[in-house]
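Numbered according to my numbering, the sequence shown terminates at residue 503, and the numbering increases by one at each position without gaps.
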Amino acid sequence: MEASAPSQTECLDAPIIVLGAGAAGLWFSWRAAMGGAQVLLLEKTPRTGTKILASGGTRCNLTTSLDPSQAAELFGTKGSRFLNHAFEVLSPMAVRERFEELGVPTEEAPLDKVFPSSGRARDVRDALEAAARAAGVKIVCNAPAHSIRPDQGDWLVETPLGVGRCQRLVLAVGGRSYQTTGTIGEGYRWLQDLDLELTPTTPALVPMTSDEEWIHDLAGIAWQNGEVRLEDPKGKILGRRRRPLLFTHLGLSGPGAMDLAGQVAAQPAAGMRLMLDFFPDESREGTRTRLIEAAGRKGAPRISRCLPEAMPKRLLSAVSRAALLDGPDPKAQFLDRAARHRLVEALHGLPMNISGTRGFDVAEVTRGGLCLHQLDPFSMQVNSHPGLTVLGELLDLDGPIGGLNFQVAFACAEVAALALPVED
Ligand SMILES: Cc1cc2nc3c(=O)[nH]c(=O)nc-3n(C[C@H](O)[C@H](O)[C@H](O)COP(=O)(O)OP(=O)(O)OC[C@H]3O[C@@H](n4cnc5c(N)ncnc54)[C@H](O)[C@@H]3O)c2cc1C
Numbered sequence: 080m081e082a083s084a085p086s087q088t089e090c091l092d093a094p095i096i097v098l099g100a101g102a103a104g105l106w107f108s109w110r111a112a113m114g115g116a117q118v119l120l121l122e123k124t125p126r127t128g129t130k131i132l133a134s135g136g137t138r139c140n141l142t143t144s145l146d147p148s149q150a151a152e153l154f155g156t157k158g159s160r161f162l163n164h165a166f167e168v169l170s171p172m173a174v175r176e177r178f179e180e181l182g183v184p185t186e187e188a189p190l191d192k193v194f195p196s197s198g199r200a201r202d203v204r205d206a207l208e209a210a211a212r213a214a215g216v217k218i219v220c221n222a223p224a225h226s227i228r229p230d231q232g233d234w235l236v237e238t239p240l241g242v243g244r245c246q247r248l249v250l251a252v253g254g255r256s257y258q259t260t261g262t263i264g265e266g267y268r269w270l271q272d273l274d275l276e277l278t279p280t281t282p283a284l285v286p287m288t289s290d291e292e293w294i295h296d297l298a299g300i301a302w303q304n305g306e307v308r309l310e311d312p313k314g315k316i317l318g319r320r321r322r323p324l325l326f327t328h329l330g331l332s333g334p335g336a337m338d339l340a341g342q343v344a345a346q347p348a349a350g351m352r353l354m355l356d357f358f359p360d361e362s363r364e365g366t367r368t369r370l371i372e373a374a375g376r377k378g379a380p381r382i383s384r385c386l387p388e389a390m391p392k393r394l395l396s397a398v399s400r401a402a403l404l405d406g407p408d409p410k411a412q413f414l415d416r417a418a419r420h421r422l423v424e425a426l427h428g429l430p431m432n433i434s435g436t437r438g439f440d441v442a443e444v445t446r447g448g449l450c451l452h453q454l455d456p457f458s459m460q461v462n463s464h465p466g467l468t469v470l471g472e473l474l475d476l477d478g479p480i481g482g483l484n485f486q487v488a489f490a491c492a493e494v495a496a497l498a499l500p501v502e503d
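What follows is the structure in structure tokens.
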């Protein structure tokens, strides 16, 4: 569904103008119009919901199967306090029900994910756009907002098509990640120009990079059941995730690494390292016992045959090299006590130095943004600027992989729509 380009004579005045037809802007516009509001939705690019289309590997992980409080907790203390109300108003289950009503049934997948049953992100975007249009929202694409400003109790929006005037302005222009989708961070500048407080923005949910040579030999290998810990130069654990990992030619990707990457990007990466535990369900003692038993077994098994789960050859070679073993897959009986100890340590805590992240170009979300204390969590309105609402990635909120970021976009948009004065 491609939206039509505007004519130069388009009227840009409306009671409510929404900037950005992404996840938050589409949801808000639809729900506000359902409540009787007149909404003009301005989108910079030729089409709506580009990030929705790209999301979840074009399958769109549109929410989570976690309950509201579990989902909110994943945003840290401040984030969860702010989101508790929104996730009660529009729980992950309610998001699924709304999409079902729009003709997009959903289903659960591993790691608490929820996808449209069709497996097509396009269905999600199309359903939201169609629902918004059917409710009366006027959508104008190729209409980038260049600036915003308050004016005599209204808000003015400057675009190449003219200046729009509205009583309520809703900013939903997204963050500054994945800039090819149209989000280059203009919204942060506008908020700053209004003297609002912002947390500095950094890339999050992004692959990490490493200069370690051994990593580059492992490109393409996925490890499903590992745990990754992020440590600062002093060895302090900054975070841990038990989720799939993917080695790349530049470093480490997959949900486990990407979930922790926001912390790498937010401070100097020098001296930071990841510790990879390939068998977090087994204790070090358990692995040691396994190797000792194998050493006494008939047939002299190689270490590859003694592990709790088979490891790809290239990965086992890297582990063996790190443990200074004789060869990539020696027989268990040839490991002396010290070698066995080094192997157990490498299997449960293989260190990998980190040089940084791959940055905003490929980050799925932006960390940082409008500090939450300036917003009313019951309306999403900016306390100091009557008539101004801010939604989605512009807020200082980012969650781990698993549908949590769309859940925030939809739930905050729902709260904002419900908080509008009821039209007669
Ligand atoms: C590759 C990728 C995969 C992802 N997968 C998932 C996933 O599976 N699950 C999940 O929960 N999250 C996922 N995310 C994150 C998710 O897409 C975002 O968190 C979410 O889209 C944020 O919603 P938003 O409405 O704030 O911004 P966006 O959806 O980015 O929408 C912002 C809109 O504003 C428009 N815009 C920008 N500037 C202007 C302007 N000046 N004037 C007018 N319009 C403007 C943009 O063109 C865009 O259409 C993914 C992100 C990426 C990049």
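Here a beta-carbon is modelled for each residue, glycine too, at the ideal position from N, C-alpha and C.
{"Query": "DSSP three-state assignment for residue 82, whether helix, strand or coil", "Result": "With a pLDDT of 48 at residue 82, under the threshold of 50, the modelled position of that residue is not reliable, and the figure given next carries that caveat. In the structure shown, residue 82 sits in coil (DSSP, three-state: anything other than H, G, I, E or B)."}
{"Query": "Any non-hydrogen atom of ligand 1 closer than 8 Å to residue 133 Cβ", "Result": "yes"}
{"Query": "Completely contained beta strand (DSSP E) runs for the segment 364-417, where each covers 3 or more residues", "Result": "none"}
{"Query": "Per DSSP, cross-strand counterpart(s) of residue 460", "Result": "455, 468"}
{"Query": "Under 9 Å between C-beta atoms of residue 304 and residue 357", "Result": "yes"}
{"Query": "According to DSSP, residues forming a beta bridge with residue 234", "Result": "229, 245"}
{"Query": "Closer than 8 Å: residue 487 CB and nearest ligand 1 heavy atom", "Result": "yes"}
{"Query": "DSSP state of residue 189 mapped onto helix, strand, coil", "Result": "coil"}
{"Query": "Residue 113: first and last residue of the uninterrupted alpha helix (DSSP H) it sits in", "Result": "102-113"}
{"Query": "Minimum length 4: unbroken alpha helix (DSSP H) runs contained in the segment 282-369", "Result": "292-295, 333-344"}
{"Query": "Endpoints, the alpha helix (DSSP H) within which residue 177 is located", "Result": "171-180"}
{"Query": "beta-carbon residue 121 near ligand 1 non-hydrogen atom, thresh 8 Å", "Result": "yes"}
{"Query": "Residue 286 beta carbon near ligand 1 (any heavy atom closer than 8 Å)", "Result": "no"}
{"Query": "Boundaries (first-last residue) of the beta strand (DSSP E) holding residue 268", "Result": "Where residue 268 is concerned, there is no enclosing beta strand (DSSP E), although the alpha helix (DSSP H) it sits in stretches over 265-272."}
{"Query": "Chain-order list of residues whose beta-carbon lies under 6 Å from that of residue 96 (same chain, five-residue window excluded)", "Result": "119, 236, 243, 245, 248"}
{"Query": "Own chain residues within Cβ distance below 6 Å of residue 216, not counting five before or after", "Result": "108, 112, 118, 120"}
{"Query": "Nonlocal neighbours in the same chain, by C-beta distance under 6 Å from residue 228, ignoring five residues either side", "Result": "235"}
{"Query": "Straight-line gap, residue 211 to residue 102 (C-alpha atoms, nearest Å)", "Result": "12 Å"}
{"Query": "Straight-line Cα distance separating residue 131 from residue 484", "Result": "11 Å"}
{"Query": "Helix, strand or coil at residue 129 according to DSSP, with G and I counted as helix", "Result": "helix"}
{"Query": "Any non-hydrogen atom of ligand 1 closer than 8 Å to residue 93 Cβ", "Result": "no"}
{"Query": "Three-state secondary structure (DSSP) of residue 255", "Result": "coil"}
{"Query": "Residue burial classification, residue 457 (beta-carbon count within 10 angstroms, cutoff 16)", "Result": "exposed"}
{"Query": "Proximity of residue 475 and residue 450 at Cβ, strictly below 9 Å", "Result": "yes"}
{"Query": "Contacting residues, own chain, Cβ-Cβ under 7 Å from residue 455 (five flanking each side not counted)", "Result": "462"}
{"Query": "Beta-carbon proximity of residue 260 to residue 447, cut-off 9 Å", "Result": "no"}
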